[in-house]
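S.K.: What follows is a structure written as structure tokens; I'll ask about it next.
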Amino acid sequence: MSALQNQTIVVFGGSSGIGRGVAEKALMEGAIVHIASSNPDRVKDTVRDLQHQYPEGRISGHVIDLSTPEVESSLDTLLRQISPLDHIVYTAGDPLPIAPVDQITLEAIHRAGHIRFFVPLLLGKLAPRHLKPGYRSSLTLTTGAASERPFPNWSLIAGYLTGLHGMTRNLALDLKPLRVNLVSPGAVHTPMWGPDGVPAEMQEKTPLGKVGTPLEVAEAYVYLMKDTNATGSVVNTNSGSLLQ
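Position in the sequence shown (first residue = 1) + 258 = our numbering.
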């Protein structure tokens, strides 16, 4: 029996991309899965598709707008509806704010951090209210390879991505014995890249000659949920892109 069998998991950003991959993997493991995202149609379609793929699977969809100033209240309301939880997974994101330094404004700095940094920290605040107590429960956050490797015009976002490493370690200490971990993906085949997907030249430059798929990367999240000895940890899944 899987360690996730009958465990209740919520995946923020679970209607597409990596989050959908995590939801699917969790269903394969026999978990009770809730996905939460802002697009009602996408949530409905994802639940329908996954129910079709896994007729015995238990999956529900929830609509939540993480971009509003009232996000803490919205998170608390949603979590209260589905708790007690075994695991919270956060994969939500918005378009990458890549911009030259001379175009950065204070408003842009606030906007870039809202989904990537501020909301995960609020989830850390709320997690002890809604996760079952003890080291078997976990909160798993998401950063990216740019947290460890600089790229041109990524100054606006890189600080937040790197900051998630520090946030994860400190939350792991502050929320103990609840476990808090972080996944750091490289480029992944997700809708974020548009209809043409990840550019071929980007894939060819990695040591593996490819980038990840959502289901491949989802294995990192499943591992961190299962390993009750892992907390304050970062798992990289990036096709070896940091080796170049």
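All C-beta atoms, glycine included, are put in the ideal place defined by N, C-alpha and C.
Is it true that the CB of serine 499 sits closer than 8 Å to the CB of alanine 416?
M.R.: Contact: no.
S.K.: Have a look at arginine 316 and serine 497 and give me their C-alpha separation to the nearest angstrom.
M.R.: Computed Cα separation, rounded: 32 Å.
S.K.: Any contact between the region 416-430 and the region 450-469? By contact I mean 3 or more CB pairs, one from each, below 8 Å.
M.R.: Result no; under three Cβ-Cβ pairs closer than 8 Å.
S.K.: Ignoring anything shorter than 4 residues, give me the alpha helix (DSSP H) runs that lie fully in the region 375-419, in order along the chain.
M.R.: Whole alpha helix (DSSP H) segments, 4+ residues: 377-388.
S.K.: Just to check my reading of the structure: isoleucine 276 and alanine 476 have Cβ atoms closer than 8 Å, yes? What is that Cβ distance to the nearest angstrom?
M.R.: Isoleucine 276 to alanine 476, Cβ: 7 Å. Contact.
S.K.: Run through DSSP, which three-state label would serine 295 get?
M.R.: Correct three-state label for serine 295: strand.
S.K.: What residue range is occupied by the uninterrupted alpha helix (DSSP H) comprising valine 329?
M.R.: Start and end: 329-340.
S.K.: Hey, how far is the Cα of asparagine 439 from the Cα of isoleucine 267?
M.R.: Cα to Cα, the separation comes out at about 15 Å.
S.K.: Report whether the distance from the Cβ of leucine 501 to the nearest heavy atom of the ligand GDP is below 7 Å.
M.R.: With respect to the ligand GDP, the structure shown offers nothing to examine, as it has no ligands at all.
S.K.: Pull up the distance between the alpha-carbon of isoleucine 322 and that of tryptophan 451, whole angstroms please.
M.R.: When rounded, the distance between both Cα atoms is 23 Å.
S.K.: Are at least three pairs of beta-carbons, each pair with one atom in the region 300-320 and one in the region 375-391, less than 8 Å apart?
M.R.: Flag = no, the region 300-320 and the region 375-391 do not touch.
S.K.: Could you say which of Gln265, Arg437, Val441, Gln461 lies nearest to histidine 447 if we only look at CA atoms?
M.R.: When only C-alpha atoms are compared, the closest one is Gln461.
S.K.: Any idea which residues DSSP pairs valine 480 with across the strands?
M.R.: Valine 480 pairs with nothing; no bridge assigned.
S.K.: Where do the ends of the alpha helix (DSSP H) carrying glycine 279 lie?
M.R.: 275-286 is the span of the alpha helix (DSSP H), which, as asked, contains glycine 279.
S.K.: Across the region 278-292 and the region 476-493, are there enough close Cβ pairs to call them in contact, namely three or more that are closer than 8 Å?
M.R.: The region 278-292, when compared against the region 476-493, does touch it at the 8 Å Cβ threshold.
S.K.: Tell me which residues share the same chain as arginine 407 and place their Cβ nearer than 7 Å to its Cβ, disregarding the 5 neighbours each side in the sequence.
M.R.: Cβ neighbours of arginine 407 beyond the five flanking positions: Leu500.
S.K.: For proline 435, which option in Tyr348, Gly490, Thr349, Ala294 has the closest C-alpha, if you only look at C-alpha atoms?
M.R.: Proline 435 has its Cα closest to that of Gly490, out of Tyr348, Gly490, Thr349, Ala294.
S.K.: Quick one: measure Cβ to Cβ for leucine 213 and alanine 357, integer angstroms, because I've assumed they're closer than 8 Å.
M.R.: With the chain covering only 259 through 502, there is no way to say anything about residue 213.
S.K.: Measure the C-alpha to C-alpha separation of glutamine 265 and glycine 288 and round it to an integer number of angstroms.
M.R.: Whole-angstrom Cα-Cα distance: 8 Å.
S.K.: Where does threonine 426 fall in DSSP's three states?
M.R.: If DSSP states are grouped into helix, strand and coil, threonine 426 belongs with the helices.
S.K.: Report yes or no: do the region 337-354 and the region 394-401 share at least 3 C-beta pairs separated by less than 8 Å?
M.R.: Touching, yes, given that three or more Cβ pairs across the two stretches are closer than 8 Å.
S.K.: If valine 291 and valine 269 are in contact, beta carbons under 8 Å, what's the gap, nearest whole angstrom?
M.R.: About 7 Å separates the two Cβ atoms, so the contact holds.
S.K.: Start and end of the beta strand (DSSP E) containing leucine 440?
M.R.: 437-443 is the extent of the beta strand (DSSP E) around leucine 440.
S.K.: Judging by CA-CA distance, which residue of Pro298, Leu337, Ser295 is the nearest neighbour of arginine 387?
M.R.: It is Leu337 whose Cα lies nearest to the Cα of arginine 387.
S.K.: Grouping DSSP H, G and I as helix and E and B as strand, with all else coil, what is threonine 304?
M.R.: Threonine 304: helix per DSSP, three-state reduction.
S.K.: Between alanine 370 and the rest of its own chain, which residues show a CB-CB distance below 6 Å, the 5 nearest in sequence each way excluded?
M.R.: Same-chain partners within the cutoff: Pro355, Leu414, Ile415.
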